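Let me begin by presenting the structure, written as C-alpha cells, before commenting on it.
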Amino acid sequence: MVIREYTTYNETEILKLYASVGWTAYTDHPEVLRKGFENSMLTLAAYDGEELMGIIRAVGDGYTIVFVQDILVFPEHQRKGV
Numbered sequence: 019m020v021i022r023e024y025t026t027y028n029e030t031e032i033l034k035l036y037a038s039v040g041w042t043a044y045t046d047h048p049e050v051l052r053k054g055f056e057n058s059m060l061t062l063a064a065y066d067g068e069e070l071m072g073i074i075r076a077v078g079d080g081y082t083i084v085f086v087q088d089i090l091v092f093p094e095h096q097r098k099g100v
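Written out as C-alpha cells, the structure is:
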C-alpha cells in the first residue's frame, strides 16, 4: 500500500468509492462532489498499485481549523490497515 496526495480527480473511481459505502448524497450530485474535492485543503489516497483503496479529505480555513471531512475505504479493504 502506498499513500499519496490525490491530485488528479477521477470521477469514475471516486463515485464508485462513495457508492460502495452508501454515501449517495454525494453520488446523487457528482458536480458538487467534484467542487468539494477541488476546494479541499488536502486529499490523500491509499493505493495498491494503481487501484484506489480509499481516501481521506481535509477541509478548513487554512490557518487555524482543519477538519477531516471524509474517510472512505472500499468495503473489501476495510479492517485491513488502510
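Here the numbering used here is used: position 10 in the sequence shown is 28, and no number is missing along the way.
Where a beta carbon is used, it is the ideal one built from N, C-alpha and C, also for glycine.
Keep in mind the model is a prediction, meaning the values are calculated, not measured.
So, for residue i: in the same chain, excluding its five sequence neighbours on each side, which residues have a beta-carbon less than 8 Å away from its beta-carbon?
i	result
residue 48	29 and 33
residue 80	59
Tell me the rounded alpha-carbon separation between residue i and residue j.
i	j	result
residue 86	residue 62	11 Å
residue 50	residue 98	30 Å
residue 95	residue 58	24 Å
residue 72	residue 64	5 Å
residue 77	residue 83	8 Å
residue 54	residue 44	10 Å
residue 111	residue 100	With the chain running from 19 to 100 in the structure shown, residue 111 is simply not present.
residue 35	residue 91	7 Å
By the DSSP assignment, the alpha helix (DSSP H) with residue i in it spans what residues?
i	result
residue 30	29 to 38
If I follow the unbroken beta strand (DSSP E) through residue i, where does it start and stop?
i	result
residue 20	20 to 23
Excluding the 5 residues flanking residue i on each side, which residues of the same chain have their C-beta closer than 7 Å to its C-beta?
i	result
residue 52	27 and 29
Which full runs of the beta strand (DSSP E) of 3+ residues lie inside the stretch 46 to 95, going along the chain?
60 to 66, 69 to 78 and 84 to 91
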